Amino acid sequence: MPRLRAPRRVLAFAALLGTLLLLGGAGSVSAHSALRATDPGEGSVLKTAPEQVTLTFTESVGLADDSLRVLDPENRRVNTGNAAHADGRSDTARVRLRDGLPDGTFTVAWRVVSADSHPISGAFTFSIGKPSATTASVTALPAVNPASGALYDLTRYAAYAAGALLIGAATFVLVCRPAAAQPLRGLLRAGWWTLLGSTLALLVLRGPYARGTGPSSVLDPGLLQDTLTTRPGWALLARLALLAVAALFLVRVGAALRRSPEPGPAVLAGGTLLAVALAVTWAAAEHASAGIQVPVAMTSSVLHLLAMAVWLGGLAALLTTLHRSDQEIPAASVARFSRLAFTSVTVLVLTGVYQSWRGLGSWDAVLGTSYGRLLVVKVCAVAVLLAAAGFSRRWTGRLPAEQERTPVPVLETAGAPAAADGPGADLPGREAVSGPASGTDDGGAGEGNEGPRGSGESGPGAAGEAGESGENAHRRSLRRSVLAEVVVGVVVLVVTTMLTGTQPGRAETGTTAAAEAGAGDRPTASTTLIPFDVGTPGGHGKVQIVLEPGRVGENTVQAVVIGPDGGIATVPEIRLTFTLPSQKVGPLDAELTNLGGYWGTQSLNLPLAGTWTMKVTVRTSDIDQVTESRRVRIAR
Numbered sequence: 012m013p014r015l016r017a018p019r020r021v022l023a024f025a026a027l028l029g030t031l032l033l034l035g036g037a038g039s040v041s042a043h044s045a046l047r048a049t050d051p052g053e054g055s056v057l058k059t060a061p062e063q064v065t066l067t068f069t070e071s072v073g074l075a076d077d078s079l080r081v082l083d084p085e086n087r088r089v090n091t092g093n094a095a096h097a098d099g100r101s102d103t104a105r106v107r108l109r110d111g112l113p114d115g116t117f118t119v120a121w122r123v124v125s126a127d128s129h130p131i132s133g134a135f136t137f138s139i140g141k142p143s144a145t146t147a148s149v150t151a152l153p154a155v156n157p158a159s160g161a162l163y164d165l166t167r168y169a170a171y172a173a174g175a176l177l178i179g180a181a182t183f184v185l186v187c188r189p190a191a192a193q194p195l196r197g198l199l200r201a202g203w204w205t206l207l208g209s210t211l212a213l214l215v216l217r218g219p220y221a222r223g224t225g226p227s228s229v230l231d232p233g234l235l236q237d238t239l240t241t242r243p244g245w246a247l248l249a250r251l252a253l254l255a256v257a258a259l260f261l262v263r264v265g266a267a268l269r270r271s272p273e274p275g276p277a278v279l280a281g282g283t284l285l286a287v288a289l290a291v292t293w294a295a296a297e298h299a300s301a302g303i304q305v306p307v308a309m310t311s312s313v314l315h316l317l318a319m320a321v322w323l324g325g326l327a328a329l330l331t332t333l334h335r336s337d338q339e340i341p342a343a344s345v346a347r348f349s350r351l352a353f354t355s356v357t358v359l360v361l362t363g364v365y366q367s368w369r370g371l372g373s374w375d376a377v378l379g380t381s382y383g384r385l386l387v388v389k390v391c392a393v394a395v396l397l398a399a400a401g402f403s404r405r406w407t408g409r410l411p412a413e414q415e416r417t418p419v420p421v422l423e424t425a426g427a428p429a430a431a432d433g434p435g436a437d438l439p440g441r442e443a444v445s446g447p448a449s450g451t452d453d454g455g456a457g458e459g460n461e462g463p464r465g466s467g468e469s470g471p472g473a474a475g476e477a478g479e480s481g482e483n484a485h486r487r488s489l490r491r492s493v494l495a496e497v498v499v500g501v502v503v504l505v506v507t508t509m510l511t512g513t514q515p516g517r518a519e520t521g522t523t524a525a526a527e528a529g530a531g532d533r534p535t536a537s538t539t540l541i542p543f544d545v546g547t548p549g550g551h552g553k554v555q556i557v558l559e560p561g562r563v564g565e566n567t568v569q570a571v572v573i574g575p576d577g578g579i580a581t582v583p584e585i586r587l588t589f590t591l592p593s594q595k596v597g598p599l600d601a602e603l604t605n606l607g608g609y610w611g612t613q614s615l616n617l618p619l620a621g622t623w624t625m626k627v628t629v630r631t632s633d634i635d636q637v638t639e640s641r642r643v644r645i646a647r
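Going by the working numbering, the sequence shown opens with residue 12, and the numbers climb by one from there.
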């Protein structure tokens, strides 16, 4: 037992490192869908009140009762009914407005859930008749409550780790068949119970996470009911049912392995189906379930998750066996895991290339998006992991060679593949022949030492000791390399989980392109707020100038004066001119006229694109006036 002290310290450090990484990555997730268009348009000024507000997103979104809120200038809600999809399209959200809306600036605050289960939010304004001051906040509330988001993300990390541990350890027992499975029972129990607890926690945290409420609402029956009607909720319920089946399967398999060391085809097939089904519960609620090529993406995601679980969970099982078992693990079992790990890496590479292409879409997204940069970190971590795995394969390959060179009959029985694969080698908890250590006890100092020694020659016993020393050195090296794999594997698992919470690069670049294309296809509005002070009591305020569309050609202008009290003020005159110094154009007089409470024109012609100097003169009395200047960008 003393030899386990140092590895336990290292394992504790690895656990601490993993915890710190988890905490560091537990921020709120990035948006996976994005707002593509609005009707009315953002910043637009309408002559008449619209009947409804419609939002269009880049992918399907889920709606709640308060997904869309339309607020008047007095911060009062003016939408009627709940948000719904427009014309049956799942990528839209629409809400109807009250009749008889007054003129002024209205604020639309929205909050929806992306198809891959992550909430997003935002806000924008439009005006009816003329812009006005508004007491409604145009700043969107956070899509996720920080406390709820942190708890939800930490629980997701725990679920990923537990799933990898459960699937990987079970695969190691059934496929690699270690001499004693007793040390792995605790690992399997830890994986099962952690996955059960994290799944239940995700089920109750899902409601506050999706609604943006705090952790105090976790027991709200309404939120839980809403969760159970969504795809993430169904996936979590399916995972709970599968965990019940997995518990029964592990109990039955344990009993069967005590009777026969070889798992039958039915056991292997049943275990494979269970593992695939568990992986589907993750893939069905994340990136693979939305976007392009969903069936192919789902298949790739399931294979990627299984390969990761078999490799990283198997590493944890191998490390536990190397350090916790009273018996030396047979070289044949290590060799089986080496082949299994190689297959897993091959699957990871193939599916990873496809998922990278699907998630990125272009080379520009590799370093130009958060998803791409995280993917680069993951690739580097996997490269380090493969290097550590290469050392493990080297030490694994030397174990049988050492045993073949050792001329001790007991080692042939304990370490040869025939013995490792024999009927008694796979019994869980069996007191099997231990290997090199047993060879030392039974042969190194036993009858084998009665050979010729008279002149100090070593004899068979000494050869056994030399063989034991070489093999033990290789096993120690194997333990160290496997431990390094586990530590780096924790990093890979953390980065993988963070990737599931980050907007894919393809979606991010596509959203930007759509926004730019939309800006070129529809009018936009330029709003400038200019403070002024003529130097007399009450002779100060702000003038708000809305220029639409803010592009070359015909534009409309609306100028509103906001008085010291924040209300709309009337003034005798507002003059507005535009000058383009770089082209020596102007000043062009906008020729504003009093339109009853505000000043404006429908026929301002700006012939060239560029940065114009806008000068506004506000006259508050027959003798008091002030002129202020601002720069405004006119697009093509």
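Note that the Cβ used here is the ideal one computed from N, Cα and C, for glycine as well.
A quick note: this is a predicted structure, and the numbers were derived from the prediction, not measured.
- Task: Reducing DSSP to helix, strand and coil, say where residue 327 ends up.
- Result: helix
- Task: Check the C-beta distance from residue 99 over to residue 325 and give it rounded, since I have them as a contact under 8 angstroms.
- Result: The Cβ separation is near 47 angstroms, so there is no contact.
- Determine contact between the region 206-221 and the region 352-366, defined as no fewer than three beta-carbon pairs at a distance below 8 angstroms. no
- Query: Is it buried or exposed for residue 62, if we count other Cβ within 10 angstroms and need 16 for buried?
  - Reply: exposed
- Identify, in the order they occur along the chain, each residue of the same chain with its Cβ nearer than 6 angstroms to the Cβ of residue 274, setting aside the five sequence neighbours on each side. 185
- Under the rule that 16 or more other beta-carbon atoms within 10 Å means buried, what is residue 611, buried or exposed? buried
- Could you name the residues of the same chain whose beta carbon sits closer than 8 angstroms to that of residue 378, not counting the 5 residues immediately before and after it, in chain order? 384 and 387
- Query: Out of curiosity, what's the CA-to-CA distance linking residue 303 and residue 266?
  - Reply: 45 angstroms
- Note down, one range per segment and in chain order, each beta strand (DSSP E) of at least 3 residues found wholly within the region 53-78. 63-68
- Query: Are three or more beta carbon pairs between the region 635-644 and the region 620-627 nearer than 8 angstroms?
  - Reply: yes
- Query: On the three-state DSSP scale, how would you describe residue 334?
  - Reply: helix
- Just curious, the alpha helix (DSSP H) that residue 177 is in, first and last residue? 157-182
- Query: From what residue to what residue does the alpha helix (DSSP H) around residue 218 run?
  - Reply: 193-222
- Message: Less than 7 angstroms between the beta carbons of residue 189 and residue 344, yes or no?
- Response: yes
- Beta carbon of residue 635, beta carbon of residue 545: below 7 angstroms? yes
- Item | Proximity below 7 angstroms, CB of residue 290 to CB of residue 317 | yes
- Closest residue to residue 177 among 238, 246, 322 and 278 (Cα-Cα distance): 322
- Exposed or buried, residue 364, counting other C-beta atoms within 10 Å across all chains shown (16 or more means buried)? exposed
- Query: Do the CB positions of residue 600 and residue 588 come within less than 7 angstroms of each other?
  - Reply: yes
- Query: Does the region 52-70 come close enough to the region 223-238 that 3 or more CB-CB pairs lie under 8 angstroms?
  - Reply: no
- Query: Touch check for the region 162-171 and the region 102-119: three-plus C-beta pairs under 8 angstroms?
  - Reply: no
- Query: Are the CB atoms of residue 136 and residue 84 nearer to each other than 7 angstroms?
  - Reply: no
- Query: If you draw a straight line from the C-alpha of residue 630 to the C-alpha of residue 570, how long is it?
  - Reply: 13 angstroms
- Is the Cβ of residue 645 closer than 7 angstroms to any Cβ of chain D? Included in the structure is just one protein chain, with no chain D present.
- Message: Quick check on DSSP: helix, strand or coil for residue 342?
- Response: helix
- Item | Bridge partner(s) assigned by DSSP for residue 238 | Paired residues: none, contrary to the question.
- Query: Under a three-way DSSP split, which group does residue 231 fall into?
  - Reply: coil
- Roughly how many angstroms lie between the CA atoms of residue 56 and residue 139, to the nearest whole one? 6 angstroms
- Item | For residue 638 and residue 543, the rounded distance between their alpha carbons | 8 angstroms
- Item | Straight-line Cα distance separating residue 555 from residue 248 | 54 angstroms
- Is the CB-CB distance between residue 97 and residue 103 below 7 angstroms? yes
- Where do the ends of the beta strand (DSSP E) carrying residue 287 lie? Where residue 287 is concerned, there is no enclosing beta strand (DSSP E), although the alpha helix (DSSP H) it sits in stretches over 276-294.
- Message: One question on the structure: do residue 559 and residue 616 come within less than 7 angstroms of each other, judged by their Cβ atoms?
- Response: no
- Considering only the beta carbon of each residue, do residue 648 and residue 572 sit closer than 7 angstroms? For residue 648 there is no data in the structure shown, the boundaries of the chain being 12 and 647.
- Message: Please report the distance separating the alpha-carbon of residue 268 from that of residue 369.
- Response: 42 angstroms
- Item | Same chain only: Cβ atoms within 6 angstroms of residue 214, ignoring 5 sequence neighbours per side | 247
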